[in-house]
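Chains as they are written, first to last, in the numbering used here: chain A, 318 to 521; chain B, 318 to 521.
The structure under discussion appears below in the form of structure tokens.
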DNA sequence: CGCTCGCCATGACAAATGTCAGGGGACGGC
DNA sequence: GCCGTCCCCTGACATTTGTCATGGCGAGCG
């Protein structure tokens, strides 16, 4: 018989992580060798235990799942990464795939299904939740240029133009122009609605 | 021996709900009699199965945990409500307690601990996570009047004043006055930052 | 009864923001 | 080399905001 798949579980919600560990541990061919509650901790655990598959939550303190995946890609090329997320936004999926993530599923799947997906990913295949994939495709690519996205992000917390200009080392007029074009491209009423839209689509 | 505590589990994330059901089911004195993935479904399940304790996620499609709790309070007075939440904001705790919720815990607790808390709540006691309680106390009460909060909420999606005025059936000038006073009270830079602050503190 | 407070409104002014029309420079593709 | 695109800026303008002063109305309270 082949050895069981060694898993790393990372999620900041102890309740979920523990429950998941217990359920996945019931499968004969899966074994949880490490758990982590934050991004940095996940990295440390991965280095120490060298799992076959890392199951990462997208939103974690310290470093999010995609960042961790990026680091793992170079440090442990043999370790496949599977991202699990509560509310998946189209842009996140794109970023995740770009980071070399092999699987991307919402938390609405059952544990049974997750176990299957883990096996799929471990076998070298990819798995992306069909619904999330459809969202990502229909949402399309971000129409924003990098500067537009950057300025929009700085505008996210409601800061006035002058402050954004300072933080971006741009002239206030330029900031307003970028903001204006971003708002137009997104079809929003104003920059704040634009920020919301961009966030929803995962473009910031 | 006494009969086992009958539980209703409601959470839109199947992964968590299933895992939780499995883990809590392992306890001798707990039995999961119903599961739901949305607010309305939770209500229907509660009516059908009349559980002793309802374990509700705070954020669910349809109706959030607090709304469900309010309905349950009148329909099934014998059913104690325990709210579980990912990221607890101070105001939510306050609203929950006002709705007659008996327990309020973050998802960072372990399943073991949750089982104990369920027993505590079923025994007629209350339980609030110490950390969340501290946050709620230090954050204090909302300084906003009801109209200020209402207008601020309508401003949340970045709508212009005229639109807010329309939706609130107020004059645009009045809206600006309320917004202005809310911004002042919260010590924010502008209304959008104010919305963020109020959200963080759970005041909207 | 007078007081305070929340509620709703108006009008006016200053400041911030959204929009438009420009113009230069860099860089890659045809 | 020319063209398109993105980058960065300027200046001017209309619109939207934030802020303030002011007033009327009703409810709760000493």
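Glycine included, C-beta positions come from ideal geometry on N, C-alpha and C.
- Following the DSSP letters along the chain, one finds residue 431 of chain B in no beta strand (DSSP E) but inside the alpha helix (DSSP H) bounded by residues 428-439.
- Rounded to whole angstroms, the separation of the alpha carbons of residue 329 of chain B and residue 519 of chain B is 21 Å.
- If you look at residue 423 of chain A, you'll find it in the beta strand (DSSP E) that goes 420-423.
- Under the three-state reduction of DSSP output, residue 323 of chain B falls in the strand class.
- Residue 351 of chain A sits away from residue 373 of chain A, with the two beta carbons spaced by 8 Å or more.
- Judged by beta-carbon spacing, residue 398 of chain A lies beyond the 8 Å limit of residue 379 of chain A, meaning their Cβ atoms are not closer than that value.
- When beta bridges are read from the DSSP output, residue 491 of chain B appears opposite no residue.
- When 8 Å is used as the limit between beta carbons, residue 336 of chain A is near these residues of chain B: 333, 336, 337, 339, 340, 428, in chain order.
- Note that the C-beta distance between residue 485 of chain A and residue 340 of chain A is not below 8 Å.
- Listed along chain A are 332, each with a C-beta nearer than 9 Å to that of residue 431 of chain B.
- For residue 521 of chain B, the secondary structure class from DSSP, reduced to helix, strand or coil, is coil.
- Per DSSP, reduced to three states, the secondary structure at residue 462 of chain B is coil, with no helix or strand assignment.
- The continuous stretches of beta strand (DSSP E) do not include residue 340 of chain A, which lies in the alpha helix (DSSP H) extending over residues 331-342.
- Identification of chain B residues near residue 504 of chain A by a Cβ-Cβ cut-off of 7 Å yields none; the smallest Cβ-Cβ distance measures about 13 Å.
- Around the beta carbon of residue 509 of chain A, a 10 Å sphere encloses 16 or more other beta carbons of the protein chains shown; the residue is thus reported as buried.
- If the five residues before and after residue 446 of chain B are omitted, its C-beta is found closer than 6 Å to the C-beta atoms of 422, 423, all from its own chain and listed in chain order.
- With contacts defined as CB atoms closer than 8 Å, residue 449 of chain B and residue 461 of chain B fail to qualify as a contacting pair.
- Residue 331 of chain B places its beta carbon less than 8 Å from that of residue 425 of chain A.
- In the structure shown, the three-state DSSP call for residue 473 of chain B is helix.
- Nearest CB-CB separation between residue 507 of chain B and chain A: below the 8 Å threshold.
- Within chain B, not a single residue places a beta-carbon under 7 Å from that of residue 406 of chain A; the smallest gap is close to 16 Å.
- When rounded, the separation of the alpha-carbon atoms in residue 382 of chain A and residue 369 of chain B is 38 Å.
- In this structure residue 410 of chain B is in contact with residue 453 of chain B, their Cβ atoms being roughly 5 Å apart against a cut-off of 8 Å.
- Closest in alpha carbon position to residue 499 of chain A, among A:471, A:480, A:483, is A:471.
- The beta carbon of residue 334 of chain A sits closer than 8 Å to the beta carbons of 326, 327, 328, 352, 354 from its chain, once the five residues preceding and following it are set aside; these are given in chain order.
- Judged by their CB atoms, residue 349 of chain B and residue 342 of chain B are nearer to each other than the 8 Å cut-off.
- The distance from the Cβ of residue 444 of chain B to that of residue 464 of chain B is about 35 Å, inconsistent with a contact at the 8 Å cut-off.
- For the segment 350-373 of chain B, the set of residues with a beta-carbon nearer than 7 Å to any beta-carbon of chain A is empty.
- With its beta carbon at least 8 Å from every one in chain B, residue 501 of chain A lies outside the interface.
- Listed in chain order, the non-local C-beta contacts of residue 475 of chain A below 8 Å within the same chain comprise 509, local neighbours out to five positions each way being set aside.
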